Amino acid sequence: MVSKFCIRSCSIILTLSLLFILPVLTLQTAQAQTPGAPDQKKEKTVEQVKKNIKVLTGMPASQLNMVMDDFATSLGVRCQHCHVQDNSGWQFEKDDIPAKGTARKMIQMVIELNSTKFGGRSAITCFTCHHGSREPAAMIPLPPSPPAPVQEEKASDMALPTVQQILTAYETALGGKDAVGKITSRVSKGVSVDLQGKESPIEILQKGSDRIVTTVTAREGMTFARGFNGTNGWMTSPRGSRELPPDEKENFLRQAALFPSERIEELASKLHVNKKESINGAAAYCLSVPLDEYRTENYYLDSATGLLLRDAIVTQTMIGNIPEQTDYSDYRTTDGIKVPFVVRHAGVDPRDVSTFRFTTVEQNVTIDDNKFDMPKGKK
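Numbering (the numbering used here), first residue to last: 79 to 457.
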């Protein structure tokens, strides 16, 4: 399905003009190892690669951008609220802005509360109090909202099917294993809509399970592309082309498969049925799987139709759990299989929110392999 060509095209495609200028956030690591997780080579901590780190010591360096975005969105601010920017660029290590000192105190408070009052669980975060506002509300606004009605779960709702039953229903809903197996390529065209409603034409080429190119045409005809040719990942912008670093390459590879069902089937032995909850008004079964010592992926499949509604990754960090999700809707039958014509990605950074609305989806189209190679140009 047009699946995860949003997800990190999704830290990715959304603010397209920023897409290839800002570093793409990666969802990896946090602070404590989950029991039973495989041993992995530990990456450097943030204080080992950045200057003047005082309260986030011990946090994996790969989480820094994601955590900063979480702070900013929790308070409804951007980087300049705490960090210095001058004619030479960002001076992140400087302490000239008083808000940075306040932020350090608040971060330490959150860490200590979770450690001493909640047994190390991420029960308190910046968003708990701020809810997107610079100043937390100190009084209840009047008139108060009526209490939400309490719905008691029926015994039939509490009984959960097995993983295999859910996966079988998903495969059947798509159109069946044989129909899915006949799809070898796809060309999807439509628009990418950002949080402000701005639309940009988008085209996505997919072939097999490991080749993809996503091209967005921004204002004044500028194009931004991101691709994977089965071996190497790359991105291009008006500034030139470059290869993706290993972490971005891994994330983008996950988008290449024609159907999310391929990845879910690969993880089947590790999946477990977590719960049943409402996703965009529909009851869905949640299948969970640990990706590594810090990340958990959750697949939400409609209990009535069997179709995938949401794919969400939650990363455990020292300041709380940080989510990223992709929602699928407007499924239409194309060449005997169901394809979502609306795919929406959301991350904690508002710039990482976009909706892909496809107008045409053609399958089993002949696509030259060289379409997935990095264009020649300055790097």
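All C-beta atoms in this analysis are idealised placements derived from N, C-alpha and C, irrespective of residue type, glycine included. Treat the numbers as computed from the prediction; the structure is a model and nothing was measured.
- Restricting attention to Gly-398, Glu-402, Thr-383, the CA atom closest to the CA of Glu-375 is found in Glu-402.
- The Cβ-Cβ distance between Thr-411 and Arg-388 does not fall below 8 Å.
- Ile-280 sits close to Val-269, with the two beta carbons spaced by under 8 Å.
- If you draw a straight line from the Cα of Leu-238 to the Cα of Val-417, it comes to about 26 Å.
- Leaving aside the five residues that flank Thr-123 on each side, the residues in its chain whose CB is nearer than 8 Å to its CB run, in chain order, Thr-135, Gly-136, Met-137, Pro-138, Ala-139.
- The C-beta distance from Arg-332 to Arg-320 rounds to 20 Å, too long to fall under 8 Å, and the pair is not in contact.
- Using a Cβ-Cβ distance cut-off of 8 Å, the stretch 323–330 and the stretch 294–313 are in contact, since at least three pairs of beta carbons, one from each stretch, lie closer than that value.
- DSSP lists Ala-390, Ala-424 as the beta-bridge partner residues of Gln-403.
- Between the stretch 361–380 and the stretch 254–267 there are fewer than three C-beta pairs closer than 8 Å, too few to call the two in contact.
- The shortest C-alpha to C-alpha distance from His-350 to any of Met-300, Pro-368, Ala-334 is the one to Pro-368.
- With fewer than 16 other beta carbons inside 10 angstroms of its own, Ile-218 counts as exposed.
- The C-alpha of Met-184 is placed about 29 Å away from the C-alpha of Ser-223.
- Put simply, the stretch 349–364 touches the stretch 239–250. At least three CB pairs are less than 8 Å apart.
- Rounded to the nearest whole angstrom, the CA to CA distance from Arg-429 to Thr-151 is 10 Å.
- Linking His-159 to Thr-444 through their CA atoms gives a straight-line distance of about 50 Å.
- In the structure shown, the three-state DSSP call for Gly-398 is strand.
- For Cys-364, the uninterrupted beta strand (DSSP E) run begins and ends at 360–368, by DSSP.
- Secondary structure of Pro-224 (DSSP, three-state): coil.
- The residues Asn-307, in chain order, have a CB closer than 6 Å to that of Asp-451 in the same chain once the five nearest residues on each side in sequence are set aside.
- Looking only at Lys-172, Ala-362, Cys-207, the smallest Cα-Cα distance to Met-187 is reached by Cys-207.
- In terms of Cα proximity to Val-271, the closest of Gly-259, Gln-169, Tyr-248, Thr-295 is Thr-295.
- Annotated three-state conformation of Thr-246 is helix, per DSSP.
- Ranked by Cα distance from Lys-120, the first of Leu-273, Glu-213, Asp-370 is Asp-370.
- The alpha-carbon separation between Val-265 and Arg-317 amounts to approximately 26 Å.
- Excluding its 5 nearest sequence neighbours in each direction, Asn-130 has C-beta neighbours in its own chain below 6 Å: Glu-171, listed in chain order.
- The straight-line gap separating the alpha-carbon atoms of Ile-400 and Ile-415 is approximately 33 Å.
- A straight line joining the alpha-carbon of Ser-211 with that of Gln-126 spans about 32 Å.
- When the five nearest sequence neighbours on each side are left out, the beta carbons in the same chain lying within less than 7 Å of the beta carbon of Gly-384 are those of Ala-247, Tyr-248, Thr-250, Ala-251, in order along the chain.
- The Cβ atoms of Arg-199 and Asn-192 sit closer than 8 Å to each other.
- Annotated three-state conformation of Thr-151 is helix, per DSSP.
- About 42 Å separates the CB atoms of Ile-397 and Ile-261; that is not less than 8 Å, and the two are not in contact.
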